[in-house]
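Beneath this line is the structure, given in structure tokens, with notes to follow.
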Amino acid sequence: MQLSRCKNRAYMLKLTAFCLMVCLCTASAGCTDNNSTSQKNTSYGDAVISYLGPEGTYTQEACEKFFGQQGDLIPYGTVADAVAALTDGKSDYAVIPQENTIGGAVVDYIDTLIAADGISVTGEVELPINQNILVLKGTELSDIKTVYSHKQGITQSRSWLEDNLPDAEVIEVSSTAEGARMVAEAGDRSCAAIASAGCADVYNLEILASAIQNNDKNVTRFYVLTKDAPDTEARDRCAFIVSGRASELTKLLGMLGKNGIELVTIHDRPLKTELGEYCYIIECSGTDLKTLQTIVDGTSFEFRFLGNFDM
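Just so you know, the sequence shown maps onto residues 14 to 324 in the numbering used here.
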């Protein structure tokens with residue numbers, strides 16, 4: 014009788030140990046799978062990212078906000094060159110400005126997106142913009158005769174310039190950071206740049222005036238582009254291009270609204286064919302490609318899908 018109890022106790026101990034081992038293995042496998050999925054979804058470690066340089070641009074800040082410390086950031090002299098690097102296979106992603114709350118659509122860059130075939134939008138970055146007057150150390154406001162910046166930087170700071178430097182010559186350059194680089198290279202106290210605070214560190218300049226933008230709600234939206242096939246499943250946002258007669262736009266927007274699809278942004282560019290014909294870049298709340306295709310098919314627009322993406 015006692016021997017039988019011992020055998021039963023030994024059997025129960027072995028069974029318990031076996032069950033514990035199975036549970037531990039299952040939990041371990043589950044953890045491994047979860048980590049693998051997370052890394053797959055967020056890892057850009059080997060990615061090459063092209064962007065508008067030189068070092069210190071707001072586009073670089075947008076890259077860092079989206080990709081973190083991952084990937085290899087490669088600056089290019091123009092947005093067109095950065096996008097060409099993507100289409101030519103020299104980079105895996107390109108980041109471009111799309112619109113600003115003060116300056117509106119960044120039309121040159123939108124034209125680049127329209128002209129580039131075989132790319133899609135995989136993400137979006139909204140970046141608060143604070144413009145600053147950068148100068149050589151020791152420069153006084155009265156010394157400044159020339160101000161360099163990107164068109165958007167100039168537009169965003171127009172009121173401050175008119176109030177504080179009404180007689181200064183304002184020269185448009187390819188980027189805010191390029192303006193800062195030019196001031197540092199010139200070594201001339203009569204020169205200043207409108208650029209980010211980060212550029213002061215990069216180019217060893219001094220911030221003479223900060224937050225000079227026309228209002229505090231100065232935000233730029235950037236697109237993250239890829240050559241991967243666009244995501245066709247509904248996500249937070251959806252981007253697409255349609256082109257044709259302007260008269261078709263009312264019909265399209267009405268059909269989007271009837272399907273519960275909310276318009277986020279819309280920018281128009283002339284097709285350069287006939288008066289009244291435009292190309293529209295539209296961003297709306299996320300919807301699957303099949304639904305969107307059906308809606309656009311109800312118009313005479315030509316259609317190009319850019320992709321769904323999460324915010």
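A virtual CB, placed ideally from N, CA and C, is assigned to each residue, including glycine.
Proximity below 9 Å, CB of residue i to CB of residue j
{"i": "I295", "j": "F322", "result": "no"}
{"i": "D244", "j": "S133", "result": "yes"}
{"i": "L238", "j": "L149", "result": "no"}
{"i": "I207", "j": "Y236", "result": "no"}
{"i": "S56", "j": "V96", "result": "no"}
{"i": "A193", "j": "I157", "result": "no"}
{"i": "T233", "j": "Q144", "result": "no"}
{"i": "V119", "j": "R282", "result": "no"}
{"i": "I109", "j": "L65", "result": "yes"}
{"i": "A205", "j": "L147", "result": "yes"}
{"i": "Q83", "j": "G117", "result": "no"}
{"i": "H163", "j": "V138", "result": "no"}
{"i": "T152", "j": "E219", "result": "yes"}
{"i": "Q73", "j": "A190", "result": "yes"}
{"i": "Y293", "j": "I279", "result": "yes"}
{"i": "D105", "j": "K240", "result": "yes"}
{"i": "G320", "j": "T135", "result": "yes"}
{"i": "L154", "j": "A222", "result": "yes"}
{"i": "V255", "j": "T312", "result": "yes"}
{"i": "T70", "j": "S260", "result": "no"}
{"i": "Q306", "j": "F318", "result": "yes"}
{"i": "R258", "j": "G299", "result": "no"}
{"i": "I142", "j": "N113", "result": "yes"}
Proximity test, residue i beta-carbon vs the ligand GTP heavy atom, cut-off 8 Å
{"i": "R250", "result": "As presented, the structure is devoid of all ligands, the ligand GTP included, so that no description of it is given."}
Simplified DSSP assignment, three categories, for residue i
{"i": "K80", "result": "Residue identity check: residue 80 is Phe in the sequence provided, not Lys. It is helical."}
{"i": "E185", "result": "strand"}
{"i": "S162", "result": "strand"}
{"i": "G43", "result": "Bear in mind that a pLDDT of 40 at G43, under 50, signals an unreliable position, so the model cannot answer this."}
{"i": "Y216", "result": "coil"}
{"i": "I62", "result": "strand"}
{"i": "G226", "result": "One detail in the question is off: residue 226 reads as Gln in this sequence, not Gly. Note: Q226 maps to coil in three-state DSSP."}
{"i": "R317", "result": "strand"}
{"i": "Y57", "result": "coil"}
{"i": "G116", "result": "coil"}
{"i": "C36", "result": "Here C36 scores only 40 on pLDDT, less than 50, and its place in the model is too uncertain to base an answer on."}
{"i": "T50", "result": "At T50 the pLDDT is 23, less than 50, meaning the model places this residue with poor confidence; the figure from the coordinates comes in the next sentence. Looking at T50 - three-state DSSP - the assignment turns out to be helix."}
{"i": "S155", "result": "helix"}
{"i": "D323", "result": "coil"}
{"i": "N21", "result": "With a pLDDT of 46 at N21, under the threshold of 50, the modelled position of that residue is not reliable, and the figure given next carries that caveat. Three-state DSSP puts N21 in a helix."}
Range of the contiguous alpha helix (DSSP H) that encloses residue i
{"i": "Y122", "result": "120-128"}
{"i": "N177", "result": "171-177"}
{"i": "Q144", "result": "Neither: Q144 is in no alpha helix (DSSP H) and is coded neither H nor E."}
{"i": "A95", "result": "92-100"}
{"i": "K303", "result": "302-310"}
Run of the beta strand (DSSP E) containing residue i, from where it starts to where it stops
{"i": "R258", "result": "250-258"}
{"i": "D85", "result": "85-89"}
Opposing strand residues paired with residue i [DSSP bridges]
{"i": "P283", "result": "Y291"}
{"i": "Y136", "result": "It should be pointed out that residue 136 corresponds to Gly in this sequence rather than to Tyr. Beta-bridge pairing links G136 to V237."}
{"i": "I207", "result": "I146"}
{"i": "E261", "result": "Paired residues: none, contrary to the question."}
{"i": "L276", "result": "C297"}
{"i": "I109", "result": "Y236"}
With contact counted as at least three CB pairs below 8 Å, one residue from each stretch, are the stretch 247-263 and the stretch 221-233 in contact? Flag = no, the stretch 247-263 and the stretch 221-233 do not touch.
Meets three-Cβ-pair contact criterion under 8 Å: the stretch 98-113 and the stretch 263-270: Contact fails: fewer than three Cβ-Cβ distances are below 8 Å.
State whether the stretch 111-126 contacts the stretch 70-80, with contact taken as three or more CB pairs (one from each stretch) at a distance under 8 Å. Contact between the stretch 111-126 and the stretch 70-80 is absent: fewer than 3 CB-CB pairs across the two stretches fall below 8 Å.
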